[in-house]
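Enquirer: With this note's numbering applied, the sequence shown corresponds to residues 13 to 445, in that order.
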Amino acid sequence: MKYQIYTARNYRQIPQISQVSQEDLRSIDVVAHVLPFKTNNYVVNELIDWDNYQNDPIFILNFPQKGMLSPEHFSKMAQAVDAGADTATLRKTADKIRHQLNPHPAGQSHNVPEVNGEKLTGAQHKYNETMLFFPSQGQTCHAYCTFCFRWPQFTGMDNMKFAMKEIDNVIAYLRQHEEITDLLITGGDPMVMKASVLDTYISRLLEADLAHLQTIRIGSKSLAFWPYRYLSDPDAEEVLQIFKKVSDSGKSLAFMAHFNHPRELETEAVQKAIKKIRATGAQIRTQSPLLNHINASAQVWADMWKKQVGLGLIPYYMFIARDTGAQEYFGVSLHRAWDIFQRAYTRVSGIARTVRGPSMSCTPGKLRICGITEIQGEKVFVLEFIQGRNSQWAIRPFFAKYDPKALWMDDLQPAFGKEEFFFETELAEMLLE
Ligand SMILES: *Cc1c(COP(=O)(O)O)cnc(C)c1O
Ligand code: SF4
Numbered sequence: 013m014k015y016q017i018y019t020a021r022n023y024r025q026i027p028q029i030s031q032v033s034q035e036d037l038r039s040i041d042v043v044a045h046v047l048p049f050k051t052n053n054y055v056v057n058e059l060i061d062w063d064n065y066q067n068d069p070i071f072i073l074n075f076p077q078k079g080m081l082s083p084e085h086f087s088k089m090a091q092a093v094d095a096g097a098d099t100a101t102l103r104k105t106a107d108k109i110r111h112q113l114n115p116h117p118a119g120q121s122h123n124v125p126e127v128n129g130e131k132l133t134g135a136q137h138k139y140n141e142t143m144l145f146f147p148s149q150g151q152t153c154h155a156y157c158t159f160c161f162r163w164p165q166f167t168g169m170d171n172m173k174f175a176m177k178e179i180d181n182v183i184a185y186l187r188q189h190e191e192i193t194d195l196l197i198t199g200g201d202p203m204v205m206k207a208s209v210l211d212t213y214i215s216r217l218l219e220a221d222l223a224h225l226q227t228i229r230i231g232s233k234s235l236a237f238w239p240y241r242y243l244s245d246p247d248a249e250e251v252l253q254i255f256k257k258v259s260d261s262g263k264s265l266a267f268m269a270h271f272n273h274p275r276e277l278e279t280e281a282v283q284k285a286i287k288k289i290r291a292t293g294a295q296i297r298t299q300s301p302l303l304n305h306i307n308a309s310a311q312v313w314a315d316m317w318k319k320q321v322g323l324g325l326i327p328y329y330m331f332i333a334r335d336t337g338a339q340e341y342f343g344v345s346l347h348r349a350w351d352i353f354q355r356a357y358t359r360v361s362g363i364a365r366t367v368r369g370p371s372m373s374c375t376p377g378k379l380r381i382c383g384i385t386e387i388q389g390e391k392v393f394v395l396e397f398i399q400g401r402n403s404q405w406a407i408r409p410f411f412a413k414y415d416p417k418a419l420w421m422d423d424l425q426p427a428f429g430k431e432e433f434f435f436e437t438e439l440a441e442m443l444l445e
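1. Between which two residues does the beta strand (DSSP E) carrying residue 340 extend?
2. For residue 67, name the three-state secondary structure that DSSP assigns.
3. Quick one: is the Cβ of residue 329 within less than 6 Å of any heavy atom of ligand 2?
4. DSSP puts residue 399 in a beta bridge; with which residues?
5. Entirely within the stretch 402-433 and at least 3 residues each: give me those beta strand (DSSP E) ranges in chain order.
6. Where DSSP assigns a beta bridge to residue 385, which residues make up the other side?
7. Buried or exposed: residue 15, going by 16 or more other Cβ atoms within 10 Å of its Cβ?
8. Assign residue 108 to buried or exposed, taking buried as 16 or more other Cβ atoms, counted over all protein chains shown, within 10 Å of its Cβ.
9. The alpha helix (DSSP H) that contains residue 214, what's its start and end?
10. Can you tell me which residues form a DSSP beta bridge with residue 126?
11. May I ask you to report which of helix, strand or coil DSSP gives residue 144?
12. Any idea what DSSP makes of residue 52, helix, strand or coil?
13. Taking only heavy atoms of ligand 1 into account, decide whether any of them is closer than 6 Å to the Cβ of residue 404.
14. Using 6 Å as the cut-off, classify the Cβ of residue 150 as near or not near the heavy atoms of ligand 2, replying yes or no.
15. Tell me whether residue 50, by its Cβ, gets closer than 6 Å to a heavy atom of ligand 2.
16. Name the residue from 140, 203 and 127 whose alpha carbon lies nearest to the alpha carbon of residue 179.
17. Given a threshold of 16 other Cβ atoms within 10 Å of its Cβ, counted over all protein chains shown, does residue 298 qualify as buried or as exposed?
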């Protein structure tokens with residue numbers, strides 16, 4: 013299958029676009045100035061149900077929607093478009109709006125590792141055992157999710173871009189940090205890289221012969237957005253050989269697949285691609301944010317986890333949509349998130365209960381909502397860290413005042429009249445370093 017990209021420039025050539033109303037087309041045109049927009053022929057022809065496009069989860073996942081901007085931002089952008097403003101003016105208007113959308117959340121700038129006094133700007137080491145690596149050539153995706161918090165990387169705000177060419181720097185860092193067992197290669201989507209580039213990174217890592225490095229993880233949405241990466245792309249076979257090389261070396265390859273909706277698991281292409289990847293010895297784990305308008309239903313999640321298990325995939329994370337971009341549109345309250353998680357979890361067997369969530373990645377760490385309960389007359393959220401900035405914070409239950417409207421950690425207050433959460437003083441000190 014030949015890969016055909018559609019963006020704001022050429023999407024009107026999509027044959028099925030004739031089914032989209034004039035009003036919706038205009039919204040796409042306006043919003044696409046601010047939020048990233050890219051889709052492809054697989055998504056368009058095999059995933060989207062065009063007869064029902066307005067409520068179609070995959071259409072909403074790729075095509076900008078009016079509600080993704082506030083009415084004020086939408087009309088500002090629309091005015092500039094209608095006035096026939098030049099490119100520079102359109103860009104300035106869009107950048108102004110983007111800066112108001114919290115493009116750089118969760119204190120990521122505090123996790124940049126250093127090796128021999130030099131900053132590794134394309135890497136993050138926030139939790140003890142796992143290091144993140146953002147290869148510079150994997151900073152795009154086969155299509156763009158409209159909810160994505162990495163959108164500053166795709167829209168020309170280059171100064172914020174995490175990118176790095178030197179795997180050798182990563183290796184040097186890994187040598188000095190024997191506590192690291194996992195290297196997570198992420199993006200964008202590292203699977204947009206040509207096999208030859210991916211092979212450079214992987215081969216050097218394997219040749220470095222780091223005994224403490226057990227698992228190479230690859231975070232990717234390619235199975236959902238372009239399964240032909242593993243079937244018919246010219247270097248598909250080479251990619252699978254690279255995966256096999258990892259397994260053969262005695263390390264494990266964990267393919268962290270991003271799926272947002274059960275429909276993404278239903279095509280013949282994705283099912284074949286999953287088989288091919290699993291045949292290399294790789295394990296596939298899955299993760300997704302919980303998104304209003306796309307998958308905010310217990311039935312959808314239970315169905316997704318069941319389908320995943322049926323295909324040999326291991327459910328891993330349910331995330332709460334983070335506080336950036338179009339959060340008003342996609343956001344689900346913490347209460348509702350827990351309710352959906354609980355109802356979905358209780359509908360699946362233990363095999364699918366490997367999933368952890370609903371979780372939030374925020375400055376102090378990755379938090380999970382364990383439940384909502386009442387303790388001595390006070391209604392509370394029960395929380396725990398899955399991963400803490402201090403690793404010792406993990407799985408210690410703590411409590412926040414129940415707030416039905418809370419969407420994110422920042423909205424929560426400690427319960428029982430406490431001044432602060434147990435980790436706050438220590439966190440403040442860590443952030444000063
Ligand atoms: C989730 C995450 C990891 C990996 O944590 P695991 O519990 O090992 O899956 C690493 N770094 C960051 C920044 C993360 O958010
Ligand atoms: S595939 Fe991942 S990085 Fe790419 S747009 Fe979607 S969420 Fe963002």
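Glycine is no exception: its CB is placed at the ideal position from the N, C-alpha and C atoms.
Expert: Per the coordinate set shown:
1. Unbroken run through residue 340 is the alpha helix (DSSP H), 339-342; no beta strand (DSSP E).
2. helix
3. No - ligand 2 has no heavy atom lying nearer than 6 Å to the Cβ of residue 329.
4. 378
5. 410-413
6. 392
7. exposed
8. In this structure residue 108 is exposed. Its beta-carbon is surrounded by fewer than 16 other beta-carbon atoms within 10 angstroms.
9. Its alpha helix (DSSP H) spans residues 207-219.
10. 131
11. strand
12. strand
13. no
14. no
15. no
16. 127
17. Counting Cβ neighbours within 10 Å, residue 298 comes out buried, since at least 16 surround it.
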